[in-house]
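Participant:
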Amino acid sequence: MRILIDDKPVDGLTAKRERSLMLGKVQDSVKGTVLTPAEATETYIRQTRRWFKILGGIAFVLMAAIAIAGISSDPREGAFIAVGALVVGGALLLFMVLLLRHRVRNWNRKIAHRVDGLAPPGTAIRLDASGLSIGVEVFAWPSLAIESVEFTSGSLPSGDTSTNIMLIERLSLTAGPKAIALDRAMMQNGILLVDNCWRRLHAAPD
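Laid out in C-alpha coordinates, this is it:
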(Lines of atoms letter the chains of each structure in order from A and count residues from 1; the text may use other names and numbers.)
(Lines give C-alpha, C1' and ligand atoms only; values in the text may rest on other atoms or scores of the structure.)
Protein backbone atom coordinates (compact mmCIF):
# COMPACT_ATOMS: atom_id res chain seq x y z
CA MET A 1 0.00 0.00 0.00
CA ARG A 2 1.43 3.35 -1.07
CA ILE A 3 0.98 6.13 1.49
CA LEU A 4 1.23 9.87 0.87
CA ILE A 5 0.96 12.58 3.51
CA ASP A 6 0.65 16.13 2.15
CA ASP A 7 1.61 14.79 -1.30
CA LYS A 8 4.85 13.25 0.05
CA PRO A 9 5.37 9.46 0.16
CA VAL A 10 6.10 7.89 3.57
CA ASP A 11 7.23 4.41 4.55
CA GLY A 12 4.14 3.54 6.56
CA LEU A 13 1.57 4.52 9.15
CA THR A 14 3.09 4.62 12.61
CA ALA A 15 0.95 4.11 15.71
CA LYS A 16 1.16 7.86 16.33
CA ARG A 17 -0.12 8.63 12.86
CA GLU A 18 -2.92 6.09 13.25
CA ARG A 19 -4.05 7.82 16.44
CA SER A 20 -4.08 11.20 14.70
CA LEU A 21 -6.58 10.05 12.05
CA MET A 22 -9.81 12.02 12.21
CA LEU A 23 -12.49 9.85 10.62
CA GLY A 24 -16.16 10.44 9.92
CA LYS A 25 -19.03 8.71 11.68
CA VAL A 26 -19.13 4.91 11.53
CA GLN A 27 -21.96 3.84 9.22
CA ASP A 28 -22.81 0.41 7.85
CA SER A 29 -24.43 1.84 4.73
CA VAL A 30 -23.56 5.04 2.87
CA LYS A 31 -24.85 6.36 -0.46
CA GLY A 32 -23.43 9.10 -2.63
CA THR A 33 -22.81 10.24 -6.18
CA VAL A 34 -19.78 11.46 -8.09
CA LEU A 35 -19.83 15.25 -8.48
CA THR A 36 -18.79 17.28 -11.48
CA PRO A 37 -15.63 19.39 -11.01
CA ALA A 38 -17.82 22.52 -10.96
CA GLU A 39 -20.10 21.07 -8.26
CA ALA A 40 -17.16 19.95 -6.15
CA THR A 41 -15.47 23.34 -6.48
CA GLU A 42 -18.65 25.18 -5.50
CA THR A 43 -19.08 22.93 -2.46
CA TYR A 44 -15.44 23.38 -1.41
CA ILE A 45 -15.58 27.18 -1.65
CA ARG A 46 -18.90 27.33 0.20
CA GLN A 47 -17.66 25.15 3.06
CA THR A 48 -14.35 27.02 3.31
CA ARG A 49 -16.11 30.38 3.43
CA ARG A 50 -18.44 29.10 6.14
CA TRP A 51 -15.52 28.07 8.35
CA PHE A 52 -13.80 31.39 7.75
CA LYS A 53 -16.97 33.25 8.73
CA ILE A 54 -17.24 31.23 11.93
CA LEU A 55 -13.60 31.88 12.86
CA GLY A 56 -13.91 35.54 11.89
CA GLY A 57 -17.04 35.90 14.01
CA ILE A 58 -15.30 34.41 17.03
CA ALA A 59 -12.32 36.72 16.54
CA PHE A 60 -14.62 39.76 16.20
CA VAL A 61 -16.45 38.92 19.43
CA LEU A 62 -13.16 38.52 21.31
CA MET A 63 -11.76 41.82 20.01
CA ALA A 64 -15.01 43.64 20.78
CA ALA A 65 -14.96 42.26 24.33
CA ILE A 66 -11.35 43.43 24.79
CA ALA A 67 -12.18 46.91 23.45
CA ILE A 68 -15.26 47.26 25.68
CA ALA A 69 -13.32 46.08 28.71
CA GLY A 70 -10.57 48.62 27.97
CA ILE A 71 -13.04 51.50 27.59
CA SER A 72 -14.83 50.53 30.79
CA SER A 73 -11.63 50.39 32.84
CA ASP A 74 -10.00 53.54 31.45
CA PRO A 75 -11.80 55.65 28.81
CA ARG A 76 -8.58 57.34 27.67
CA GLU A 77 -6.63 54.13 27.16
CA GLY A 78 -9.78 52.41 25.97
CA ALA A 79 -9.83 54.58 22.84
CA PHE A 80 -6.35 53.36 21.90
CA ILE A 81 -7.39 49.77 22.61
CA ALA A 82 -10.46 50.17 20.39
CA VAL A 83 -8.36 51.58 17.54
CA GLY A 84 -5.87 48.75 18.00
CA ALA A 85 -8.69 46.21 17.88
CA LEU A 86 -9.92 47.73 14.60
CA VAL A 87 -6.43 47.56 13.09
CA VAL A 88 -5.98 43.95 14.18
CA GLY A 89 -9.46 43.11 12.91
CA GLY A 90 -8.71 44.65 9.51
CA ALA A 91 -5.42 42.77 9.28
CA LEU A 92 -7.17 39.52 10.21
CA LEU A 93 -9.85 40.10 7.57
CA LEU A 94 -7.20 40.75 4.90
CA PHE A 95 -5.30 37.63 5.97
CA MET A 96 -8.44 35.49 5.72
CA VAL A 97 -9.26 36.84 2.25
CA LEU A 98 -5.74 36.08 1.04
CA LEU A 99 -5.83 32.64 2.66
CA LEU A 100 -9.14 31.84 0.98
CA ARG A 101 -7.73 32.82 -2.40
CA HIS A 102 -4.66 30.67 -1.75
CA ARG A 103 -6.82 27.67 -0.84
CA VAL A 104 -8.95 28.10 -3.96
CA ARG A 105 -5.84 28.32 -6.16
CA ASN A 106 -4.45 25.20 -4.51
CA TRP A 107 -7.77 23.41 -5.06
CA ASN A 108 -7.84 24.37 -8.74
CA ARG A 109 -4.25 23.18 -9.14
CA LYS A 110 -5.16 19.72 -7.81
CA ILE A 111 -8.56 19.28 -9.45
CA ALA A 112 -7.18 17.29 -12.39
CA HIS A 113 -5.61 14.77 -10.00
CA ARG A 114 -8.79 14.53 -7.94
CA VAL A 115 -10.85 13.72 -11.04
CA ASP A 116 -8.36 11.15 -12.31
CA GLY A 117 -9.72 7.61 -12.08
CA LEU A 118 -13.14 8.58 -10.74
CA ALA A 119 -16.35 7.17 -12.17
CA PRO A 120 -18.23 9.61 -14.45
CA PRO A 121 -20.15 12.45 -12.74
CA GLY A 122 -23.58 11.34 -11.56
CA THR A 123 -22.49 7.74 -10.97
CA ALA A 124 -24.08 6.30 -7.83
CA ILE A 125 -21.67 5.07 -5.14
CA ARG A 126 -22.85 2.80 -2.34
CA LEU A 127 -21.10 1.16 0.57
CA ASP A 128 -22.73 -1.54 2.70
CA ALA A 129 -22.06 -4.93 4.27
CA SER A 130 -22.04 -6.69 0.89
CA GLY A 131 -19.36 -4.49 -0.64
CA LEU A 132 -18.73 -1.34 -2.63
CA SER A 133 -21.04 -0.48 -5.54
CA ILE A 134 -19.90 1.78 -8.38
CA GLY A 135 -22.89 2.31 -10.64
CA VAL A 136 -24.21 -1.16 -11.51
CA GLU A 137 -20.96 -2.92 -10.54
CA VAL A 138 -20.71 -4.46 -7.07
CA PHE A 139 -17.33 -5.36 -5.56
CA ALA A 140 -17.36 -7.63 -2.52
CA TRP A 141 -15.03 -6.53 0.28
CA PRO A 142 -12.72 -9.57 -0.01
CA SER A 143 -12.07 -8.66 -3.65
CA LEU A 144 -10.94 -5.11 -2.82
CA ALA A 145 -7.50 -3.91 -1.73
CA ILE A 146 -6.05 -0.46 -1.04
CA GLU A 147 -3.39 0.40 -3.60
CA SER A 148 -2.69 3.88 -2.24
CA VAL A 149 -4.06 6.33 0.31
CA GLU A 150 -3.53 10.10 0.41
CA PHE A 151 -3.69 12.07 3.65
CA THR A 152 -3.51 15.73 4.55
CA SER A 153 -2.19 16.79 7.94
CA GLY A 154 -3.04 19.71 10.16
CA SER A 155 -3.57 20.70 13.76
CA LEU A 156 -6.44 21.64 16.04
CA PRO A 157 -6.13 23.96 19.06
CA SER A 158 -6.30 22.02 22.32
CA GLY A 159 -6.02 24.31 25.32
CA ASP A 160 -2.52 25.78 25.44
CA THR A 161 -1.26 23.29 22.87
CA SER A 162 -2.43 21.86 19.56
CA THR A 163 -3.37 18.35 18.45
CA ASN A 164 -2.02 16.96 15.20
CA ILE A 165 -4.65 15.42 12.93
CA MET A 166 -4.75 13.66 9.57
CA LEU A 167 -7.62 13.41 7.09
CA ILE A 168 -8.03 10.86 4.32
CA GLU A 169 -8.37 12.73 1.04
CA ARG A 170 -8.33 9.91 -1.47
CA LEU A 171 -8.31 6.12 -1.74
CA SER A 172 -7.11 4.23 -4.79
CA LEU A 173 -8.44 0.66 -4.75
CA THR A 174 -8.00 -2.42 -6.88
CA ALA A 175 -10.43 -5.25 -7.53
CA GLY A 176 -8.36 -7.64 -9.61
CA PRO A 177 -7.48 -5.70 -12.79
CA LYS A 178 -10.10 -3.04 -12.02
CA ALA A 179 -8.89 0.30 -10.59
CA ILE A 180 -11.27 2.34 -8.41
CA ALA A 181 -10.74 5.86 -7.06
CA LEU A 182 -12.66 7.46 -4.19
CA ASP A 183 -12.07 11.14 -3.40
CA ARG A 184 -13.73 12.74 -0.38
CA ALA A 185 -14.16 16.13 -2.06
CA MET A 186 -15.43 14.81 -5.38
CA MET A 187 -18.41 12.82 -4.09
CA GLN A 188 -21.63 13.58 -2.29
CA ASN A 189 -21.13 12.11 1.21
CA GLY A 190 -17.50 11.68 0.23
CA ILE A 191 -16.15 11.86 3.78
CA LEU A 192 -18.40 9.02 4.98
CA LEU A 193 -17.73 6.93 1.87
CA VAL A 194 -13.95 7.28 2.01
CA ASP A 195 -13.58 6.92 5.78
CA ASN A 196 -15.88 3.91 6.13
CA CYS A 197 -14.25 2.22 3.14
CA TRP A 198 -10.89 2.75 4.87
CA ARG A 199 -12.22 1.19 8.07
CA ARG A 200 -13.35 -1.93 6.23
CA LEU A 201 -10.22 -2.44 4.14
CA HIS A 202 -7.37 -1.15 6.29
CA ALA A 203 -7.51 -4.12 8.68
CA ALA A 204 -7.36 -6.60 5.80
CA PRO A 205 -3.92 -7.96 4.85
CA ASP A 206 -2.29 -6.03 2.00
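Take the position in the sequence shown, starting the count at 1, then add 2; the result is the number in the working numbering. Note that the Cβ used here is the ideal one computed from N, Cα and C, for glycine as well.
Over what stretch of residues does the alpha helix (DSSP H) that includes G34 continue unbroken?
Facilitator: Run containing G34: none in the alpha helix (DSSP H); it sits in the beta strand (DSSP E), 32-35.
Participant: Using the beta-carbon count (16 or more within 10 Å), is G192 buried or exposed?
Facilitator: buried
Participant: Which of the three DSSP states is assigned to R186 in this structure?
Facilitator: coil
Participant: Quick check on the burial criterion: 16 or more other C-beta atoms within 10 angstroms. Buried or exposed for V90?
Facilitator: So V90 counts as exposed.
Participant: Got a sec, what are the start and stop residues for the beta strand (DSSP E) N166 sits in?
Facilitator: 163-177
Participant: Quick one: Cα of N166 to Cα of S150, how far?
Facilitator: About 22 Å.
Participant: Quick check: the region 186-202 against the region 30-39, are at least 3 beta-carbon pairs closer than 8 Å?
Facilitator: yes
Participant: How about W143 and R202: are their beta carbons less than 7 Å apart?
Facilitator: Yes, the Cβ-Cβ distance between W143 and R202 is below 7 Å.
Participant: Determine which residues share a DSSP beta bridge with K152 and list them.
Facilitator: Before going further, note that residue 152 is Glu rather than Lys in the sequence given. The partner list for E152 (beta bridge, DSSP) reads L6, R172.
Participant: Please report the distance separating the alpha-carbon of T154 from that of A121.
Facilitator: 23 Å
Participant: Tell me the start and end of each unbroken alpha helix (DSSP H) in the region 37-76 that is at least 4 residues and wholly inside, in chain order.
Facilitator: Secondary structure remark: continuous alpha helix (DSSP H) runs of at least 4 residues inside the region 37-76, in chain order: 39-75.
Participant: Going straight from the alpha carbon of L95 to that of R103, what length do you get?
Facilitator: Answer to the nearest angstrom: the Cα atoms are 13 Å apart.
Participant: Tell me which same chain residues have a C-beta within less than 7 Å of the C-beta of G124, skipping the five on either side of it?
Facilitator: T35, V36
Participant: Nearest by alpha-carbon distance to L184: which of V85, M168, L195 is it?
Facilitator: L195
Participant: Measuring straight from C-alpha to C-alpha, what distance separates L175 and E152?
Facilitator: 12 Å
Participant: Who pairs with I193 in a beta bridge, going by DSSP?
Facilitator: According to DSSP, residue pairing for I193 in a beta bridge does not occur.
Participant: Taking L129 as the reference, give the member of L101, D30, L57 with the closest Cα.
Facilitator: D30
Participant: Using the C-alpha atoms, what's the distance from V140 back to C199?
Facilitator: 14 Å
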